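K.L.:
So the sequence shown is numbered by the numbering used here: it starts at 1172 and just counts up by one.
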Amino acid sequence: MDVTALRMSAAIAYVAERISPRRLALFLFCLAVTLTALSVWGSYLQFVVRAKGDVTNVVYYLFDLDTERRIPTAFSSLLILVNAGLLAAMAWVVAEQRSARTAVPWASLAVIFVYLAIDEFIGIHEWALDFLIPYFPM
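Have a look at this one:
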């Protein structure tokens, strides 16, 4: 194991010691509940109350859970990107400790997760679906 791998392992251990899994999970849960509540509130103002105004439009536009490229999808994409980064770090550590061949599955998963994060934010799957529906009618 070379010096760079030892530094990476030490950095991961340092971060792992400083972050409490319970506090992180609670923070992410509260953030997800807040984003959901803002989305429900914006939809309520937009469709039930039919309130007109800048605040209603901004809240509905920014926090709509049913639309791509909004704050909730950015949050979800960020979580997926964090996972991709962790998978890439795992691939790097495995490549340093064993061989590059054993790191291929981890690196492949990292690439897949990067694609999933981009797809989550942009909505590539919806474009593909719109393109394929005429060819595969149901």
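Note that beta-carbon positions come from the ideal geometry of N, C-alpha and C, so glycine has one too. Since the structure is predicted, the reported quantities are computational estimates derived from the model, not experimental observations.
Mind checking T1207: buried by the 16 CB within 10 Å criterion, or exposed?
P.N.:
Locating residue 1207 in the sequence shown gives position 36, where the first residue counts as 1. Under this definition T1207 is an exposed residue.
K.L.:
Looking at the structure shown, is I1190 part of a helix, part of a strand, or coil, going by DSSP?
P.N.:
Counting from 1 along the sequence shown, the entry for residue 1190 is found at position 19. Three-state DSSP puts I1190 in coil, outside helix and strand.
K.L.:
Exposed or buried, which one is P1305 when buried takes at least 16 other CB atoms within 10 Å?
P.N.:
Counting from 1 along the sequence shown, the entry for residue 1305 is found at position 134. Classification for P1305: exposed.
K.L.:
Pair every Cβ in the region 1208-1219 with every Cβ in the region 1184-1198, then say whether three or more of these pairs are closer than 8 Å.
P.N.:
no
K.L.:
Okay, do the region 1281-1292 and the region 1240-1259 touch, 3+ Cβ pairs below 8 Å being the bar?
P.N.:
yes
K.L.:
How big is the Cα-Cα spacing for T1227 and A1182?
P.N.:
Taking the sequence shown and counting its residues from 1, the one referred to as residue 1227 is at position 56. Taking the sequence shown and counting its residues from 1, the one referred to as residue 1182 is at position 11. Going by the C-alpha atoms only, they are around 44 Å apart.
K.L.:
Run through DSSP, which three-state label would S1270 get?
P.N.:
Translated into positions along the sequence shown, residue 1270 becomes position 99. Coil, per DSSP.
K.L.:
Give me the Cα-Cα distance between S1191 and F1200, rounded to the nearest whole angstrom.
P.N.:
Within the sequence shown, the letter at position 20 stands for residue 1191. Within the sequence shown, the letter at position 29 stands for residue 1200. Going by the C-alpha atoms only, they are around 14 Å apart.
K.L.:
Please report the distance separating the alpha-carbon of G1213 from that of W1298.
P.N.:
Residue numbering aside, residue 1213 sits at position 42 when the sequence shown is read from its first letter. Residue numbering aside, residue 1298 sits at position 127 when the sequence shown is read from its first letter. Taking the straight line from one Cα to the other gives about 26 Å.
K.L.:
Measuring only the C-alpha atoms, how far is D1225 from L1280?
P.N.:
Against the sequence shown, residue 1225 aligns to sequence position 54. Against the sequence shown, residue 1280 aligns to sequence position 109. Each residue's alpha carbon lies about 42 Å from the other.
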